[in-house]
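Take a look at the structure set out below.
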Amino acid sequence: MARHLVLEDGSVFSGEPLGADIEVFGEVVFNTGMTGYQEILSDPSYAGQVVLLTYPLIGNYGLNQDDFESDRVQPVGLIVHEAAEHPSNWRSRWSLDAFLRERHVPGLQRVDTRALTLRLRSAGVAMGALTDDDPQAALARLRQAPSYDERLFVEEVSTPSPYAWGIEGREPVDAPSRSYDCKLVLLDLGVKANILRRFAAEGCRVIVLPHFSTAQEVLGWQPDGVVISPGPGDPRHLRTVMETVGDLLGKVPMFGICLGNQMLAHAVGGCTYKLKFGHRGSNHPVQDLATRKVTITSQNHGYAVDEESLVGTGAEVTHRNLNDGTVEGIRIEKRDAYSIQYHPEAAPGPWDSRPWFSDFLTRIGRAGA
């Protein structure tokens, strides 16, 4: 039986079924990482998307119980050239096919992923359908489905109620707490577990709040600092988050990551725009404009901050992508807030950017002095 990827322009890419036997619609994007497929599959920033992995063999070390970034599969579908049938790793519990079937997520393999990647790179990301049905019938249904940019995915991935994260992992906010060096509040737009783990490893207890929390609710926790998390979707839809971030500026040190970077830009009056095919991979070079130092970063975003829109806002660009020149970090020095567009926690990816976690805690110490 053949399975098809049908793009909104009518293009059809056919291959073999992988995972669950259901039809889904989503924005088709590609990630160039060679490893890290388990983290990609559980990254909330991929909500509503069909992810194409460009490396030709995926799944050779299986999937395990420990390396998930959230409690469920976030993309609606997965596309690979070849899925390993017999993974080899002492921690492996599932093959890729078995895992996708168990989680009711469809996939596509034995497809020309190079041709599909070139199509997305040249024409841009597109809505697509994974289907076992007639491609023309699926195309008609796809064109009736809501587009990716119309949906508010943050509502689907953000926590509905507060919880805490400490050195032993997730816990109720009212649980007896050991002594920590600091307390952070994280505004959850789709946080990855490894961000919380890294702050906990630095001696912090993190209070994770829903995306709709107000500035008053955030400040009520008396945090030493506030983190705005990554997350999925078009940042322009998150008006409530923009207002909260704007109300917090100057009242508490703030650090934004990925979507958090875009929220900080919007909060001071800046704008964002959609990239043609986004940045998704583990080898994106970013330059610190002050030191000229270049780090290799892990990235997953489809939108970027419009640099010209920051003129007169008090925000300055601090980091730049060396591939396409886009904004990778901003700072609002007078209001003790800064942010980066890439992922310092990696998972997957290089650890070059991990010092951002300790740097933020150092900044908190200066701010409270």
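Residue numbers (this note's numbering): 73 to 441.
Glycine is no exception: its CB is placed at the ideal position from the N, C-alpha and C atoms.
Quick test of your reading: residue i and residue j, contact by CB under 8 Å. State the CB separation rounded to the nearest angstrom.
i    : j    : result
L281 : L259 : 6 Å
G374 : V101 : 7 Å
S354 : P427 : So it is not a contact: roughly 18 Å between Cβ atoms.
C343 : D319 : The Cβ separation is near 20 Å, so there is no contact.
S114 : N136 : That pair is no contact at about 12 Å.
Exposed or buried, residue i, counting other C-beta atoms within 10 Å across all chains shown (16 or more means buried)?
i    : result
G98  : buried
G105 : buried
A439 : Low confidence applies here, because A439 scores a pLDDT of 39, under 50, leaving its location unreliable; read the following figure in that light. Label assigned to A439: exposed.
R407 : buried
A441 : With a pLDDT of 37 at A441, under the threshold of 50, the modelled position of that residue is not reliable, and no figure is offered here.
Q208 : exposed
T390 : buried
E141 : buried
The alpha helix (DSSP H) with residue i in it runs from where to where?
i    : result
G318 : R311 to L320
L135 : Where L135 is concerned, there is no enclosing alpha helix (DSSP H), given that its DSSP letter is neither H nor E.
F429 : P427 to A439
N161 : That residue, N161, is in no alpha helix (DSSP H); it is neither H nor E in DSSP.
Looking at C-alpha atoms only, which residue of the options is the closest neighbour of residue i?
i    : options                   : result
A217 : E227, M199 and N393       : M199
V183 : L90, D81 and E174         : L90
T413 : I404, D396 and R392       : One point to set straight first is that residue 413 is Gln, not Thr, in the sequence displayed. The shortest C-alpha separation from Q413 is found at R392.
R435 : T344, N333, V197 and S411 : S411
E417 : N372, E405 and T385       : N372
T185 : A170, I130 and V145       : I130
T203 : L291, I94, L321 and V366  : I94
If you check the beta carbons only, do residue i and residue j fall under 9 Å apart?
i    : j    : result
K264 : S301 : yes
F271 : W237 : yes
H338 : V226 : no
S86  : R75  : yes
G306 : K348 : Just to set this straight, residue 306 is Asp in the shown sequence, not Gly. Not in contact: D306 and K348 (Cβ atoms no closer than 9 Å).
L180 : L168 : no
V148 : Q110 : no
L125 : V152 : yes
A201 : L211 : yes
G328 : A119 : no
G134 : P116 : no
I404 : V324 : no
Is the closest heavy atom of the ligand GTP to the C-beta of residue i under 8 Å?
i    : result
F432 : This structure lacks the ligand GTP, and indeed carries no ligand of any kind.
Between which two residues does the beta strand (DSSP E) containing residue i stretch?
i    : result
Q181 : P178 to Q181
A119 : It is not in any beta strand (DSSP E) - A119 carries neither H nor E in the DSSP assignment.
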